[in-house]
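In what follows, a structure is listed as structure tokens, so that the remarks can point back to it.
In the numbering used here, the protein residues as written are 729 to 994.
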């Protein structure tokens, strides 16, 4: 199928954090997917409504109506990770919000791509206590996606936990990770020129000595996890005052990283 109007909704991963910066702009897997789509149809129009820090309910309230108003034929929905890592997480409630977005989009004739999340315990061992939440959420998303008009990219069993696929904060994919995920989505959509080469295992990294691994965990906790926890305790969000980087449907300049633009402040 040839897509004409693609809209991405979600949080920081879809915004593209980890692939670029706030000065030059963030690229990310959704921009990279748009380039795949534009290679098949140069007339493609693309909007990216994702904003970092957004929880599923905020994505539904803020981004879903705007996405529907753009009359897309393809929407990617990535939501839930910012809920999983917060106290009081309810997998049924959050997956229900994702399912509601899927239902409303498919009812409007939109093809939807959604996804499960990779095993965070293998990405950041200190996040292991969150693994049961992730497993339950993923299971519910699989059920929600089992309907006509929906493509599921199930990342949990795939090779998305290699350290090279993640930026130093282990919260956002690296450029290589964003590229790998975009290729996975393109393959799931059976886009022209896509294949399964993205799934080839990477050359194994040398095993770290125990003391080096422990030291890396302590540095990660002090540099990234600690400050993040502090912001949550203060009720602060990384997305406060930010708006979508690409709120309107516009043409895609294939291979041009600057297509991302910058996330503005409201």
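A virtual CB, placed ideally from N, CA and C, is assigned to each residue, including glycine.
Which of the three DSSP states is assigned to residue 986 in this structure? In the chain shown, counting from the first residue as 1, residue 986 sits at position 258. Here the model assigns residue 986 a pLDDT of 41, short of 50, so the residue's position is not dependable, and the following value carries that caveat. It is helical.
Inter-stretch contact (C-beta, 8 Å, three-pair minimum) for the segment 822-838 and the segment 757-774: no
Three Cβ pairs or more, each shorter than 8 Å: is that satisfied between the segment 837-857 and the segment 882-892? Flag = yes, the segment 837-857 and the segment 882-892 touch.
Could you name the residues of the same chain whose beta carbon sits closer than 7 Å to that of residue 846, not counting the 5 residues immediately before and after it, in chain order? Numbered from its first residue, the chain shown carries residue 846 at position 118. Excluding residues within five positions, the ones whose Cβ falls inside 7 Å are 883, 884, 888, 889.
Using 10 angstroms around the beta-carbon of residue 718, count the other beta-carbons present and answer buried if the total reaches 16, otherwise exposed. Here the chain covers residues 729 to 994 and nothing more, so residue 718 does not appear.
Using a 10 Å radius around the Cβ and a threshold of 16 neighbouring Cβ atoms, would you call residue 805 buried or exposed? Against the chain shown, residue 805 aligns to sequence position 77. Counting Cβ neighbours within 10 Å, residue 805 comes out buried, since at least 16 surround it.
Under the rule that 16 or more other beta-carbon atoms within 10 Å means buried, what is residue 784, buried or exposed? Along the chain shown, read from residue 1 onward, the residue named residue 784 stands at position 56. Buried, since its Cβ has 16 or more Cβ neighbours within 10 Å.
Output the distance between the C-alpha atoms of residue 843 and residue 923, rounded to the nearest integer angstrom. For this step, residue 843 is matched to residue 115 along the chain shown. For this step, residue 923 is matched to residue 195 along the chain shown. Computed Cα separation, rounded: 18 Å.
Can you tell me the Cα-Cα spacing of residue 919 and residue 769, whole angstroms? Taking the first residue of the chain shown as 1, we reach residue 919 at position 191. Taking the first residue of the chain shown as 1, we reach residue 769 at position 41. Cα to Cα, the separation comes out at about 10 Å.
Given a threshold of 16 other Cβ atoms within 10 Å of its Cβ, counted over all protein chains shown, does residue 856 qualify as buried or as exposed? Within the chain shown, numbered from 1, the residue matching residue 856 stands at position 128. It counts as exposed.
Can you give me the Cβ contacts of residue 894 inside the same chain, cut-off strictly under 8 Å, excluding the 5 residues immediately before and after it? Taking the first residue of the chain shown as 1, we reach residue 894 at position 166. Hits under 8 Å: 746, 851, 900, 901, 902, 905.
Residue environment, residue 742, which counts as buried when at least 16 other CB atoms sit within 10 Å: Taking the chain shown and counting its residues from 1, one reaches residue 742 at position 14. The residue in question, residue 742, is buried, as its Cβ has 16 or more Cβ neighbours within 10 Å.
Can at least three beta-carbon pairs, one atom from the segment 970-982 and one from the segment 773-780, be found at a separation below 8 Å? yes
Beta-carbon contacts of residue 732 that lie in its chain and below 8 Å, excluding the five residues immediately before and after: To locate residue 732, count along the chain shown from 1; it is residue 4. If we look at residue 732 and ignore the five residues flanking it on each side, its Cβ neighbours are 769, 771, 772, 773, 801.
N-terminal and C-terminal residue of the alpha helix (DSSP H) that residue 825 is part of: Residue mapping note: residue 825 aligns to position 97 of the chain shown, counting from 1. For residue 825, the enclosing alpha helix (DSSP H) stretches over residues 819-835.
State the DSSP-derived secondary structure class of residue 756, mapped to helix, strand or coil. The residue labelled residue 756 in the question sits at position 28 within the chain shown. Three-state result, residue 756: helix.
At the level of alpha carbons, what is the spacing between residue 908 and residue 748? Taking the chain shown and counting its residues from 1, the one referred to as residue 908 is at position 180. Taking the chain shown and counting its residues from 1, the one referred to as residue 748 is at position 20. Those two C-alpha atoms are separated by around 16 Å.
Kindly list the residues whose CB is nearer than 7 Å to the CB of residue 910, restricted to its own chain and excluding five residues on each side of it in sequence; keep chain order. Along the chain shown, one-based indexing puts residue 910 at 182. Correct list, in chain order: 757, 760, 761, 764.
Residue 979: first and last residue of the uninterrupted beta strand (DSSP E) it sits in: Here the question's residue 979 lines up with position 251 in the chain shown. 974-979 is the span of the beta strand (DSSP E), which, as asked, contains residue 979.
Should residue 811 be labelled buried (16 or more other beta-carbon atoms within 10 Å of its own) or exposed? In the chain shown, residue 811 corresponds to position 83, counting from 1. It is buried - the Cβ of residue 811 has at least 16 other Cβ atoms within 10 Å.
Does DSSP put residue 866 in a helix, a strand or coil? Your numbering for residue 866 matches position 138 in the chain shown. In the three-state DSSP reduction, residue 866 falls in the helix class (H, G or I).
Would you identify the three-state DSSP class for residue 913, choosing helix, strand or coil? Here residue 913 corresponds to residue number 185 of the chain shown, with the count starting at 1. Note: residue 913 maps to helix in three-state DSSP.
When 877, 826, 821, 809 are compared against residue 837, the one with the closest alpha-carbon: The residue labelled residue 837 in the question sits at position 109 within the chain shown. Residue 837 has its Cα closest to that of 877, out of 877, 826, 821, 809.
Could you tell me the distance, in whole angstroms, from the CA atom of residue 981 to the CA atom of residue 794? As a working note, residue 981 is residue 253 in the chain shown. As a working note, residue 794 is residue 66 in the chain shown. Between residue 981 and residue 794, the C-alpha separation is close to 23 Å.
Would you list the residues sitting across from residue 803 in a DSSP beta bridge? On the chain shown, residue 803 is found 75 positions in, with the first residue counted as 1. Beta-bridge pairing links residue 803 to 735, 840.
For residue 839, which residues of its own chain have a beta-carbon under 6 Å away from its beta-carbon, when the five flanking residues on both sides are left out? Taking the first residue of the chain shown as position 1, residue 839 is located at position 111. Same-chain partners within the cutoff: 802, 877.
Based on the DSSP output, what are the partners of residue 894 in its beta bridges? By 1-based counting over the chain shown, the position of residue 894 is 166. Paired residue(s): 901.
Three-state secondary structure (DSSP) at residue 761? In the chain shown, residue 761 corresponds to position 33, counting from 1. Looking at residue 761 - three-state DSSP - the assignment turns out to be helix.
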